[in-house]
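First comes the structure, then the notes that go with it.
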Amino acid sequence: MAKPSSSNGKKASARVAVVAAGVVSPLGFGLAETLESLRKARDCVSPVMRFSVASCRSKTAGQVLDDRLLAGQGEGIRGHRLHRASHMMIQALKEVVTQEPQFKPELAVIGTTSGGMSYGEHYYRSLRQAEELRHAPTWIANYPAQKPAIDAQEAFGISAPCQVIANACASGTNAIGHAFECVRSGRYQRVLAGGYDALAEMVFVGFDSLQASTPEKCRPFDRHRTGMVLGEGAAILALENFELARKRGAPVLAEIIGYGISTDNFHITQPEPSGVGARQAMERALQSADISAGEVDYINAHGTATVFNDAAEGRAISTIFDGVPVSSTKSMMGHSLGAAGAVEAIVCLLALQHQFLPPNINFQALDDRLELNVVANEARPALLRVALSNSFGFGGTNASILMRKFEA
Amino acid sequence: MSLAIAGMGWVTPLGRGVDSVWQQLLSGDEASATAISEEFGHRHYSVFRVPESALTGLAHPRLRRASLISRFAAAAGLDALHAAGVKLDPQNSERTALIFAISNGGVIYTKRFYRDVVDEGAQSASPLLFPETVFNAPAGHLAAILGVTGATYTLVGDGAVGLAAIKMAEDLMASEPLDHCLVVGTEEVDWLSCDAYRRWRLLRLAPPIEPFNEHQCGMILSEGAGAIVLARDGPFTIECVHPGGHFAKRAEAWEILKRILRDLSPSEVDLVIASANGTFVDLAEYRALKAIVSNAFVYTAKPALGESVGAAGLWQVILAAQALRSEELPPVLHADPAIALRLPLSRTFVAGARRAIVLSCGVNQQAAGLRLAIRP
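Protein chains in written order, with our numbering: chain A, 98 to 505; chain B, 85 to 460.
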C-alpha cells in the first residue's frame with residue numbers, strides 16, 4: 098500500500114529515475130529500431146490496410162505491422178483472442194522486463210483513448226448486419242480499456258493495481274506525469290507508466306469527419322500544413338525512486354523532473370487560440386522541475402499539424418522559450434493518441450541518451466505567424482540536457498513533462 | 085494521509101439528491117424497470133433509468149448537445165460542490181482537481197456515430213457526435229462549466245473504477261497543493277451495453293437482482309452519477325483507500341477481495357457496503373466476507389438501484405456515508421434470508437456505527453476497497 102508523503106506534512110521530493118523503457122510504434126519494435134528510424138528521419142506512414150478508407154479524405158496512417166506484432170501471440174496467454182492493443186502492450190512491457198527483470202511495480206498508470214475499439218466495431222457491425230456473432234464474447238471481453246494493461250501484466254507475472262487514464266490525446270503524458278508525481282511524493286517507489294492505442298475505424302473516421310486529418314503528408318508547423326495523420330503504438334517506462342534505483346545498481350536511462358497539467362475549457366475539440374492552456378502546462382512543468390525555460394534544450398511538440406493546434410502550441414512555445422529546437426515526431430509515425438505521449442517520452446529519452454535532435458519531417462516552410470526553431474527534415478547532433486514533451490487533447494486537457502539526461 | 089468528504093451529489097434511477105434517494109432506500113423502494121429495445125435486435129432488456137425529472141433545471145450552453153452521461157455527471161458534481169459549500173472562482177479553480185470514473189462511457193452517441201458509418205459510409209459520420217464519444221467528454225464539459233483550470237483526469241475501468249478514482253485523488257492531494265478534489269462516477273445505459281453483458285452471461289432479462297444467490301442469475305444495468313468533494317476537512321474521513329488489483333480468473337476474485345478486507349482492518353468496522361449484483365461477484369464477496377468480516381452488517385443497493393458500473397463505486401461511498409450519518413441501513417432487497425451473512429433484511433438501526441468498508445469488485449477483473457469513518 099502507498100506510503101504517506103511525510104510525517105510533518107511537508108511534501109517529500111524524491112528524484113525519479115527511468116530505469117527501463119519499451120516501445121512498439123510505426124518507427125519500430127524496441128528502442129534500437131526506434132532510434133534508427135529517428136536518426137534516419139524515416140517516414141513510417143503508409144496506406145491504411147486494416148479497414149476501408151475509400152470514403153475518407155485521409156488514406157494513410159502510421160501502422161504497426163501485424164506479421165511481427167502477432168508473431169509471439171501474446172506470450173501464450175490466450176494470445177489469439179487478445180486485441181492488437183494487448184499485443185502492443187505485451188511487446189512494450191517485454192522490453193521493459195528484459196531490461197529490468199527485478200522491477201516490481203506498486204502501481205501501473207496507463208493512458209489510452211479507445212481501448213479495444215475495433216472489437217467493439219466488430220460486435221456492432223455484426224449485430225447491425227445480422228452476421229455471425231460466435232466471437233462476440235471474445236470481442237466483448239477484450240474490448241474494455243483496462244484489458245491491454247492487465248493482459249501485459251499477466252504475461253509477465255506482474256500484478257500491480259492499474260489506473261487507466263483516458264484524457265484523450267494527452268493520456269500518455271498524463272499517465273507518465275501522474276506516475277512521476279506518485280514516485281516524487283514518496284508515496285510509491287516503483288511505478289509503470291505509459292500508453293497505448295491501436296488504430297480503429299471509428300476513430301479514424303471521426304477525425305476525418307472533423308477534417309482534422311489530412312489526405313497529404315503530415316507537416317507540423319509548416320505554412321502548408323493540412324492536418325494530422327493517425328498512428329498507433331504502445332510505450333511503457335519503468336519509473337523508480339532515484340536513490341533506490343542507484344542503491345540496487347539499476348541503470349538510470351534518464352530522470353523525469355517535472356510535470357504540468359492544465360485545462361483550458363475553450364472548446365471540446367479546439368485549443369484556446371492564444372495557447373493559454375498549452376502555455377500553462379509548460380509553465381507548470383518548469384515550475385514543478387524548478388528550472389528556467391532557458392535550461393530546456395529540446396521540445397518534442399504535440400505538433401499534430403492541424404491548423405489550430407500548431408498555431409496555439411507554436412504561440413505558447415515562443416512565448417516561453419527563445420529559439421529552443423522544436424520537432425513533432427508525429428510527422429514520421431502519425432498521432433497515436435493515448436500512446437503518443439508515452440512514445441514521444443521515449444523519443445525524448447533516446448534524444449537525451451544519444452545526444453541528437455529528432456526530426457520534423459515533410460517540412461517545407463515555417464508558418465509565417467510562428468517563431469519557432471524547427472528541426473527540419475533531418476536529425477541533428479546536439480548537446481541535450483533537458484527535453485520537454487507536450488501532449489494536448491480533446492476536452493481542453495494539456496500536459497507537459499520534463500526529462501533530464503542522467504549524468505553519473 | 086486521510087481525506088475528508090465535504091459534500092456529495094447523487095443522480096440515480098430513484099431520482100436526484102442524497103437525502104431523497106436515501107429515504108427511498110430506507111423505505112425499501114426499488115427503481116422501476118424500463119424495457120428497452122433496438123431496431124435490429126429481437127431481444128428486449130430491462131434497465132433502471134434515471135427519471136427525466138432528475139435533470140430538471142440543469143441548463144448550461146455546454147450541455148446543449150451533451151450526452152446523458154455528461155448531464156448526469158454535471159448534475160451530481162454541481163450538487164456535491166453545493167453541499168460542500170464550495171464555490172469555484174479564478175483564484176481557487178487551479179487548486180481544485182476533477183477526477184472522473186467511467187466504464188462504458190458515452191455509448192449512446194458512440195453507437196449513433198458508428199451506426200451512420202456502418203449504414204451509410206464514412207462520409208455520413210457526424211463531426212458533432214464524434215467528440216461526445218470520447219471518454220473524457222463528460223469531464224471536459226464539467227471542467228468548462230466549473231472553470232477548472234488545473235488537473236482534470238478521466239479514469240476508465242470496471243465497477244471498481246470509482247474507488248480507483250478516489251485513490252488517485254488521494255495521491256493527487258498528497259503531492260499537489262490542492263484544496264479540493266471533485267470525484268465523479270458516471271454511466272449511461274443503452275441496449276447495446278445490455279446485449280454485450282448478456283452475451284457475457286452477466287445480465288438477466290428482467291428484475292429482480294437477487295444478491296448473493298447461489299444461482300447467480302445476473303444483473304440489471306442502471307445509470308446515473310455519484311459525486312463527492314474531497315477536502316482536508318469534512319464530516320466523513322476516508323481513512324484508507326486500498327488500490328486492490330486485478331484477478332486473472334473469476335474464480336480467483338475472492339482472494340483479492342479477502343486481501344483487501346484484511347488490509348482494511350476489518351475488526352474496527354461496523355458495516356460493509358458490498359458490490360454484489362447477482363453475478364459471480366456475489367460468490368467472491370460472500371467467501372471473502374465470511375472469511376474476514378463475518379460479524380459486520382453487509383449491504384448492497386444494487387437490487388434497488390441496479391448496476392451502474394462506472395458510477396457504482398461512488399454510489400457505494402455515498403451509501404456508506406449515509407449509513408454512518410443516519411446509523412441505519414436500508415433493507416437488502418430480494419435476498420434469501422438463509423444467506424449466511426449479516427444482511428439487513430428490513431430497515432435496520434446500526435447505532436454507534438463509526439466505520440464502514442466499501443468493497444468494489446468489477447466484472448472486468450478489477451477490485452478495490454476503502455474504509456470510511458464518521459467524525460465523532
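Ideal Cβ placement from N, Cα and C applies to all residues, glycine included.
Predicted model, so just to flag it, every value in this text is computed and none were measured.
So if DSSP puts residue i in a beta bridge, which residue, or which two residues, is it bridged to?
i	result
I441(B)	V356(B) and R455(B)
I183(B)	Y237(B) and V267(B)
C324(B)	R455(B)
E122(B)	G125(B)
Q450(B)	H330(B)
E412(B)	F433(B)
Y356(A)	I498(A)
S306(A)	Bridge partners of S306(A): none, in fact.
Based on Cα-Cα distance, which residue from the options lies nearest to residue i?
i	options	result
R381(A)	E278(A), G435(A) and T210(A)	E278(A)
S444(B)	P414(B), W338(B), R431(B) and K374(B)	W338(B)
G438(A)	I237(A), L485(A) and L224(A)	L485(A)
S359(B)	C324(B), Q450(B) and S349(B)	Q450(B)
G52(A)	A244(B), A150(B) and I441(B)	Any property of residue 52(A) remains undetermined from this structure, which presents chain A solely from 98 to 505.
N239(A)	A249(A), Y216(A), H451(A) and T195(A)	Y216(A)
A276(A)	K137(A), G431(A), T360(A) and N338(A)	N338(A)
V268(B)	R343(B), Q300(B) and A157(B)	A157(B)
I358(A)	N271(A), A117(A) and L190(A)	N271(A)
L212(B)	A221(B), G205(B) and E204(B)	A221(B)
I365(A)	N495(A), P198(A) and R231(A)	N495(A)
L413(B)	A419(B), A372(B), P421(B) and L427(B)	L427(B)
S497(A)	N459(A), A479(A) and M379(A)	M379(A)
C153(A)	A396(B), S187(B) and A209(B)	A209(B)
S60(A)	A189(A), A227(A), G400(A) and Q199(A)	Absent from the model: residue 60(A). The displayed extent of chain A is 98 to 505, so no value can be given.
R412(A)	A479(A), D164(A), P370(A) and G119(A)	P370(A)
A448(B)	A457(B), R285(B) and G390(B)	Correcting the residue identity first, residue 448(B) is Asn in this sequence and not Ala. Looking at the Cα atoms, R285(B) is the closest of the given residues.
Q226(A)	V131(B), T363(B) and R199(B)	R199(B)
Spatial neighbours of residue i within its chain, please: C-beta separation below 7 Å, excluding the five flanking residues on both sides.
i	result
Y285(A)	A99, E203, L204 and C279
E468(A)	S415
H451(A)	L132
R477(A)	F453 and L454
G142(B)	Residue 142(B) is actually Leu in this sequence, not Gly. Taken in chain order, the residues that qualify are R155, A158 and A159.
L449(A)	A351, L481, A484, M500 and K502
S392(B)	E271, S306, E307, G308 and W399
Roughly how far, in whole angstroms, is the beta-carbon of residue i from the beta-carbon of residue j, given that I think they are within contact range, below 8 Å?
i	j	result
V416(B)	Y383(B)	6 Å
V206(A)	A332(A)	Wrong, their Cβ atoms sit about 13 Å apart, outside the cutoff.
K195(B)	D274(B)	6 Å
I423(B)	E271(B)	I423(B) to E271(B), Cβ: 27 Å. No contact.
G351(A)	V115(A)	The amino acid at residue 351(A) is misidentified as Gly; the sequence shows Ala. Confirmed, about 5 Å.
Ignore the nearest five residues each way along the sequence and tell me which others in residue i's own chain have a CB closer than 6 Å to its CB.
i	result
H144(B)	I229
C445(A)	N397, A484, S486 and M500
G125(A)	T131 and S134
G171(A)	Note that G171(A) scores 48 on pLDDT, short of 50, meaning its location in the model is unreliable and no value can be drawn from it.
E216(B)	S151, G190 and Y193
G446(B)	D242, G243 and A244
L87(B)	E254, L314 and I322
V300(A)	S211
Strictly below 8 Å CB to CB, what residues from chain A border residue i?
i	result
A239(B)	Strictly speaking, residue 239(B) in this sequence is Leu, with Ala absent from that position. The answer, in chain order, is Q260, V261, I262 and A263.
Name the chain B residues that come within less than 7 Å of residue i, Cβ to Cβ?
i	result
L307(A)	P211 and F214
A408(A)	The premise fails here: A408(A) is roughly 19 Å from chain B at the closest Cβ pair, so nothing lies under 7 Å.
I498(A)	In chain order: nothing, as chain B lies at least about 14 Å away.
V302(A)	V201, A206 and A209
A234(A)	Before going on, a small fix: residue 234(A) reads as Pro here, not Ala. Ordered by position in chain B, the residues that pass the 7 Å Cβ test against P234(A) are R283 and W284.
List the residues of chain B whose Cβ lies closer than 8 Å to the Cβ of residue i, in chain order.
i	result
E278(A)	D255, L256, S259 and E260
A242(A)	F219, V240 and G241
S256(A)	G329 and H330
L204(A)	P327
F491(A)	P215, V218, N220, A221 and G224
N271(A)	Y237
So which residues of chain A does residue i contact, with C-beta pairs closer than 9 Å?
i	result
F124(B)	L224, R225, Q226 and A227
A159(B)	By Cβ distance, chain A contributes nothing, its closest Cβ being about 19 Å from A159(B), past 9 Å.
Counting only Cβ pairs nearer than 9 Å, list the residues of chain B close to residue i.
i	result
V216(A)	First, the amino acid is wrong: residue 216(A) is Tyr here, not Val. What Y216(A) touches in chain B: nothing, since even the nearest Cβ is about 10 Å away.
R284(A)	M85, E254, D255, A258 and S259
For residue i, return the contacting residues in chain A, with the cut-off set at a CB-CB distance below 7 Å.
i	result
Y198(B)	E218, Y221 and M299
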